[in-house]
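S.K.: As they're listed, the protein sequences go chains A and B.
If you read the first sequence in this note's numbering, its first letter stands for residue 83, the second for the next number, and so on.
If you read the second sequence in this note's numbering, its first letter stands for residue 105, the second for the next number, and so on.
Glycine included, C-beta positions come from ideal geometry on N, C-alpha and C.
Predicted model, so just to flag it, every value in this text is computed and none were measured.
Right, I'll just put the structure down here and ask away after.
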Amino acid sequence: MEFFQGFLNMSGASFAQHMVNGVSLGSLYALIAIGYTMVYGILLMINFAHGDIVMMACYFAYFGITIFHVPWYFTFIGVIVATALLGAIIERMAYRPLRDAPKNSVLISAIGASFLLENLANYLFSGRPMSFPDIPLFSQNIAIGSIKIQAISMVIPVVTIISLLVLLHIVNHTKTGMAMRAVSKDYEIARVMGINIDNVISMTFIIGSALAAIGAIMWGIRYPGITPYLGVMPGLKCFIAAVIGGIGNIKGAVLGGFILGLGEILIVAFFPDLSGYRDAFAFIVLIIILFYRPTGILGERTTEKV
Amino acid sequence: MKKMMSVILASALAVGLLTGCGGDTKKDDAKSNVIKIGVFLPLTGDNAAGGELELRGIKLANKLHPEVLGKKVELVIADNKSDKAEAASVAARLIERDKVKVLLGSYGSSLSMAAGNIVKNSKVPAIGTSCTNPQVTANNDFYFRACFIDPFQGTVMANYAFKNGARKVAIIQEVSNDYAVGLAKFFKDAFIKLAGPDSIIEVANYQTGDKDFSAILTNIKAMHPDAIFAPGNFTESALLIKQARQLGIKAPFLGGDTWETQEFINVGGADVEGVAFSTAFDREKATTAEAKKFLDEYVKEYKGEPSALSALAYDAYLIAIDGIKRANSTDSVKIRDAIATTKDMEGVTGKTTLDKNGDPIKGAVIKTVRDGKFKYIDFVDVK
């Protein structure tokens with residue numbers, strides 16, 4: 083009985099606050115998971131450096147606003163451009179030379195890129211945490227009755243939905259998107275059909291990294307401590323979110339992000355005694371879902387394995 | 105023009121090479137007349153800010169007291185990367201490869217404990233800087249420390265909370281951190297003695313590296329605690345307090361000595377104003393001659409106010425030097441015996457006397473954050 087005490091004692095206001103917290107965290111996971119899933123969907127390759135690209139974008143924002151005093155709106159545009167460029171460079175250096183190598187080699191190369199970025203950040207920016215610049219417009223508090231919402235928590239779901247719609251439009255209704263889908267189906271055939279696959283893949287990384295930058299900005303405003311290892315846990319969680327939703331499926335990533343974010347908050351809400359095991363929740367959900375739906379909730383049923 | 109540039113570059117390179125060589129030969133000549141002290145601290149990773157401050161203290165102490173027994177003291181500095189496994193291997197490397205006579209460090213009880221068996225087995229004395237968990241020196245004749253221990257620190261904070269009218273307290277601990285869990289336990293024991301068995305209304309856990317605390321804080325908000333005791337790493341603690349204020353929690357936050365780093369204020373901003381935590385040192389209580397010297401030199405060398413971490417690290421070095429001097433030998437076991445009998449050694453944080461566990465008997469300072477700076481509130485002496 084004691085186990086369910088949290089559940090029984092919870093008031094309506096607390097529950098609403100938990101839901102707000104969950105949606106805020108979930109949409110953040112969703113935003114970063116989209117980038118993961120997009121790269122996978124097209125290249126069938128897990129970009130393990132994605133979380134670290136998020137981390138680098140946080141540092142870019144820090145340098146733009148705190149060190150060089152550029153207004154935040156210009157900085158954010160700059161951060162997105164710089165991060166997209168970083169993504170393209172990583173693709174050029176770490177993945178393109180392995181285009182015709184076995185999938186496993188690329189996977190290892192991705193892990194290498196991830197470590198490289200972490201250690202580079204450690205070396206360049208030191209391990210001492212820095213504070214993500216405070217932007218009062220986003221960090222201010224809004225109270226609805228007894229429920230407190232940070233402005234950014236209302237912005238994040240909107241940004242996530244817009245990113246989702248824009249991305250779906252690019253993939254489904256543009257020429258680049260059509261090329262991306264062709265590459266994803268079979269890149270040998272796509273190459274034969276005259277598609278410049280190097281350009282298409284570069285474009286994929288540029289879009290994926292730009293999404294990582296948007297995610298990083300949202301993450302930084304919500305959780306303003308920046309360290310070189312900042313990207314590790316979100317990277318892992320968002321990868322799980324993408325897998326839960328069906329990796330390769332953009333809508334699935336958003337769904338997975340929300341399931342994970344809401345789940346993490348609600349498990350602590352209903353079972354306060356389990357607060358130390360929150361991270362385990364993500365992995366247990368992953369195992370259960372993969373057990374019943376090996377390709378994730380919205381994933382296509384295929385026989386291919388990574 | 106191009107030619108001139110290359111001449112300049114070539115000469116710059118040559119000068120660089122020459123000075124490089126000069127340094128090396130000098131080091132070789134002095135080798136026979138050097139006594140090595142190993143320093144293992146987290147200079148990268150989650151605890152880097154704390155490690156960096158302690159390194160400052162040790163370097164400053166080495167600058168002001170560069171010699172013992174007529175030999176030059178050479179610091180061998182190693183980074184334990186805020187990682188327990190790394191801490192153990194770095195300590196072993198300093199002892200086995202670099203042959204250090206005394207080991208200083210580390211910031212963080214978990215990191216120090218990781219090296220515990222190594223110093224014990226290789227019979228090289230170690231002096232902890234700011235590792236406050238009692239387990240560090242317990243059952244280990246070779247581990248000593250410069251800071252007070254958590255049972256004392258926990259009691260000080262429990263008394264402080266009770267004195268300021270708190271009767272219902274919630275605890276939020278960093279469950280993967282030995283220091284935080286230990287401190288939370290001692291606080292809980294002491295507070296229950298003062299305010300009764302139901303006075304601790306919640307013990308919530310989070311993991312090192314967590315960023316989102318909104319769920320545990322929403323639960324705690326509904327319980328309306330008078331105060332929240334939240335020992336843990338400074339980055340997580342700052343984010344935790346920030347999110348608590350966003351959720352409208354007005355209860356004061358109490359913590360331990362790990363909070364005294366500039367990063368805590370940088371990340372926490374206006375939200376950490378008014379917190380209270382215990383620490384080992386403040387200018388207000390700096391009465392010894394050594395403290396005066398330390399304060400002057402610190403400001404000259406690093407600009408800005410020294411923190412307790414730098415002061416403790418400075419004292420750890422002094423305890424080592426004092427031990428070597430009294431042992432009148434460079435034999436590690438003899439140095440250990442001398443350190444064990446340290447009595448009234450004048451340092452920055454007062455006079456240090458080590459008890460039979462190797463822990464100093466000294467009081468604690470309580471500080472807060474006001475206008476973006478750490479401010480002294482109170483001093484609690486050992487009874």
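1) Determine, using beta carbons only, whether residue 316 of chain B comes closer than 8 Å to chain A.
2) If you follow the alpha helix (DSSP H) that residue 313 of chain B is in, where does it begin and where does it stop?
3) Taking Cβ positions, are residue 367 of chain B and residue 360 of chain A nearer each other than 8 Å?
4) Under 8 Å between the Cβ atoms of residue 356 of chain A and residue 349 of chain A?
5) Could you spell out where the alpha helix (DSSP H) holding residue 274 of chain A opens and where it closes?
6) Report the neighbours of residue 230 of chain A on chain B: residues whose CB is nearer than 7 Å to its CB, in chain order.
7) Quick one: is residue 100 of chain A near chain B, going by C-beta distance under 8 Å?
8) What's the call for residue 516 of chain B, buried or exposed, on a 16-neighbour Cβ count within 10 Å?
9) To the nearest angstrom, how far is it from the Cα of residue 407 of chain B to the Cα of residue 390 of chain B?
10) Are the segment 228-240 of chain B and the segment 196-208 of chain B in contact at 8 Å, needing three or more beta carbon pairs?
11) Establish whether the CB of residue 429 of chain A and some CB of chain B are separated by less than 8 Å.
12) Which residues in the same chain as residue 137 of chain A place their Cβ atom closer than 6 Å to its Cβ, once the five residues preceding and following it in sequence are excluded?
13) For a test of the three-state rule: what should DSSP assign to residue 418 of chain B, helix, strand or coil?
14) Among B:328, B:372, B:369, B:344, which residue has its Cα nearest to the Cα of residue 311 of chain B?
15) Taking Cβ to Cβ, would you say residue 95 of chain A is nearer than 8 Å to residue 229 of chain A?
16) Note the first and the last residue of the continuous alpha helix (DSSP H) segment covering residue 449 of chain B.
17) Between the C-alpha atoms of residue 156 of chain B and residue 146 of chain B, what's the straight-line distance to the nearest angstrom?
18) Identify, in the order they occur along the chain, each residue of the same chain with its Cβ nearer than 6 Å to the Cβ of residue 306 of chain A, setting aside the five sequence neighbours on each side.
19) Are at least three pairs of beta-carbons, each pair with one atom in the segment 106-120 of chain A and one in the segment 315-323 of chain A, less than 8 Å apart?
20) Just confirm the distance between the C-beta atoms of residue 286 of chain A and residue 127 of chain A, as a whole number of angstroms; I'd bet it's less than 8 Å.
21) Can you round the beta-carbon distance between residue 422 of chain B and residue 233 of chain B to whole angstroms, since I take them to be within the 8 Å contact cut?
22) Considering residue 482 of chain B, what are the terminal residues of the beta strand (DSSP E) in which it resides?
23) Which class does residue 232 of chain A belong to by DSSP, given the choice of helix, strand or coil?
24) Is there a Cβ of chain A sitting closer than 8 Å to that of residue 263 of chain B, yes or no?
25) Quick check on this structure: which residue in B:424, B:151, B:418 has the alpha carbon closest to the alpha carbon of residue 442 of chain B?
26) Consider the Cβ of residue 347 of chain A: report whether some Cβ of chain B lies at a distance smaller than 8 Å.
27) With distance defined between alpha-carbon atoms, name the residue in A:197, A:152, A:358, A:158 nearest to residue 293 of chain A.
28) Check the Cβ of residue 367 of chain B against every Cβ in chain A and list those closer than 7 Å, keeping chain order.
29) Output the distance between the C-alpha atoms of residue 144 of chain A and residue 135 of chain A, rounded to the nearest integer angstrom.
30) In the structure shown, what three-state DSSP assignment does residue 212 of chain A receive?
31) By how many angstroms is the C-alpha of residue 283 of chain B removed from the C-alpha of residue 213 of chain B?
32) Quick one: list the residues of chain B neighbouring residue 309 of chain A, beta-carbon separation under 8 Å, in chain order.
33) For residue 148 of chain B, count the other beta carbons within 10 Å of its own beta carbon; 16 or more makes it buried, fewer makes it exposed. Which is it?
34) I'd like to check one pair, residue 242 of chain B with residue 68 of chain B: are the Cβ atoms closer than 8 Å?
35) Among all the DSSP beta bridges, which residues are the ones paired with residue 472 of chain B?
36) So, under 8 Å CB-CB, residue 186 of chain A and residue 319 of chain B are touching, yes? Tell me the CB distance rounded to an integer number of Å.
M.R.: The relevant details are as follows:
1) Position 212 of the second sequence, counted from the start, is the residue given in the question as residue 316 of chain B. For residue 316 of chain B, the nearest beta carbon of chain A is closer than 8 Å to its own beta carbon.
2) In the second sequence, counting from the first residue as 1, residue 313 of chain B sits at position 209. Element bounds for residue 313 of chain B: n/a, residue is neither H nor E.
3) Translated into positions along the second sequence, residue 367 of chain B becomes position 263. Translated into positions along the first sequence, residue 360 of chain A becomes position 278. In this structure, residue 360 of chain A does not lie closer than 8 Å to residue 367 of chain B by Cβ.
4) Walking along the first sequence from the start, residue 356 of chain A turns up at place 274. Walking along the first sequence from the start, residue 349 of chain A turns up at place 267. Taking 8 Å as the Cβ cut-off, residue 356 of chain A and residue 349 of chain A qualify as a contacting pair.
5) Mapped onto the first sequence, residue 274 of chain A falls at position 192. Residues 269-274.
6) Sequence index remark: in the first sequence, residue 230 of chain A carries index 148 (1-based). Under the 7 Å cutoff, chain B gives 350, 351, 352.
7) Position 18 of the first sequence, counting from 1, holds the residue named residue 100 of chain A. Yes, because at least one Cβ of chain B sits closer than 8 Å to the Cβ of residue 100 of chain A.
8) Residue 516 of chain B falls outside the range modelled here, since chain B spans only 105 to 487, and no answer is possible.
9) Here the question's residue 407 of chain B lines up with position 303 in the second sequence. Here the question's residue 390 of chain B lines up with position 286 in the second sequence. For the pair residue 407 of chain B and residue 390 of chain B, the Cα-to-Cα distance works out to about 18 Å.
10) In short, these stretches touch, since the Cβ pair count reaches three.
11) What the structure shows of chain A is the stretch from 83 to 388, and residue 429 of chain A is not part of that stretch, so it cannot be assessed.
12) On the first sequence, position 55 is the one that residue 137 of chain A refers to. The answer, listed in chain order, is 312, 313.
13) Here residue 418 of chain B is taken as the residue at index 314 of the second sequence, counted from 1. Residue state, collapsed to three classes: helix.
14) Numbered from its first residue, the second sequence carries residue 311 of chain B at position 207. The residue with the shortest Cα to Cα distance from residue 311 of chain B is B:344.
15) If you number the first sequence from 1, residue 95 of chain A lands on position 13. If you number the first sequence from 1, residue 229 of chain A lands on position 147. Yes. Within cutoff.
16) Position 345 of the second sequence holds residue 449 of chain B. No alpha helix (DSSP H) holds residue 449 of chain B; the beta strand (DSSP E) holding it covers 449-451.
17) What you label residue 156 of chain B is simply residue 52 of the second sequence in a count that begins at 1. What you label residue 146 of chain B is simply residue 42 of the second sequence in a count that begins at 1. Each residue's Cα considered, the two are about 8 Å apart.
18) For the purposes of this step, residue 306 of chain A is taken as residue 224 along the first sequence, with counting starting at 1. Within the same chain, residue 306 of chain A has close Cβ partners 213, 214.
19) Three or more beta-carbon pairs drawn from the segment 106-120 of chain A and the segment 315-323 of chain A are found closer than 8 Å, and the two stretches are therefore classed as touching.
20) Here residue 286 of chain A is taken as the residue at index 204 of the first sequence, counted from 1. Here residue 127 of chain A is taken as the residue at index 45 of the first sequence, counted from 1. Between the beta-carbon of residue 286 of chain A and that of residue 127 of chain A there is about 10 Å, and that puts the pair past the 8 Å contact cut.
21) The residue labelled residue 422 of chain B in the question sits at position 318 within the second sequence. The residue labelled residue 233 of chain B in the question sits at position 129 within the second sequence. About 12 Å; that fails the 8 Å criterion.
22) Residue 482 of chain B sits at position 378 when you count from the first residue of the second sequence. DSSP places residue 482 of chain B inside the beta strand (DSSP E), whose first and last residues are 477-484.
23) Within the first sequence, the letter at position 150 stands for residue 232 of chain A. DSSP places residue 232 of chain A in strand when its eight states are reduced to three.
24) Position 159 of the second sequence holds residue 263 of chain B. The beta carbon of residue 263 of chain B sits no closer than 8 Å to any beta carbon of chain A.
25) Residue numbering aside, residue 442 of chain B sits at position 338 when the second sequence is read from its first letter. If we check each option's Cα against that of residue 442 of chain B, B:424 comes out closest.
26) Translated into positions along the first sequence, residue 347 of chain A becomes position 265. Residue contact check for residue 347 of chain A against chain B: a CB pair falls below 8 Å.
27) Translated into the one-based positions of the first sequence, residue 293 of chain A becomes position 211. Here the closest residue by C-alpha is A:158.
28) As a first step, residue 367 of chain B is located in the second sequence; it is residue number 263 there, counting from the start. Among the residues of chain A, those whose CB is under 7 Å from the CB of residue 367 of chain B are 210, 211, following chain order.
29) Residue numbering aside, residue 144 of chain A sits at position 62 when the first sequence is read from its first letter. Residue numbering aside, residue 135 of chain A sits at position 53 when the first sequence is read from its first letter. Going by the C-alpha atoms only, they are around 14 Å apart.
30) By 1-based counting over the first sequence, the position of residue 212 of chain A is 130. In the structure shown, residue 212 of chain A sits in a strand (DSSP, three-state: E or B).
31) Locating residue 213 of chain B in the second sequence gives position 109, counting from the first residue. Locating residue 283 of chain B in the second sequence gives position 179, counting from the first residue. So the alpha carbons of these two residues sit roughly 6 Å apart.
32) In the first sequence, residue 309 of chain A corresponds to position 227, counting from 1. In chain order: 150, 339.
33) The residue given as residue 148 of chain B occupies position 44 in the second sequence. That one is buried.
34) The displayed coordinates of chain B run from 105 to 487. Any statement about residue 68 of chain B would go beyond what the structure contains.
35) Taking the second sequence and counting its residues from 1, one reaches residue 472 of chain B at position 368. Looking at the DSSP assignment, residue 472 of chain B forms a beta bridge with B:380, B:479.
36) The residue you call residue 186 of chain A lines up with position 104 of the first sequence. The residue you call residue 319 of chain B lines up with position 215 of the second sequence. Between residue 186 of chain A and residue 319 of chain B a beta carbon distance of about 38 Å is seen, past the 8 Å cut, so the two are scored as non-contacting.
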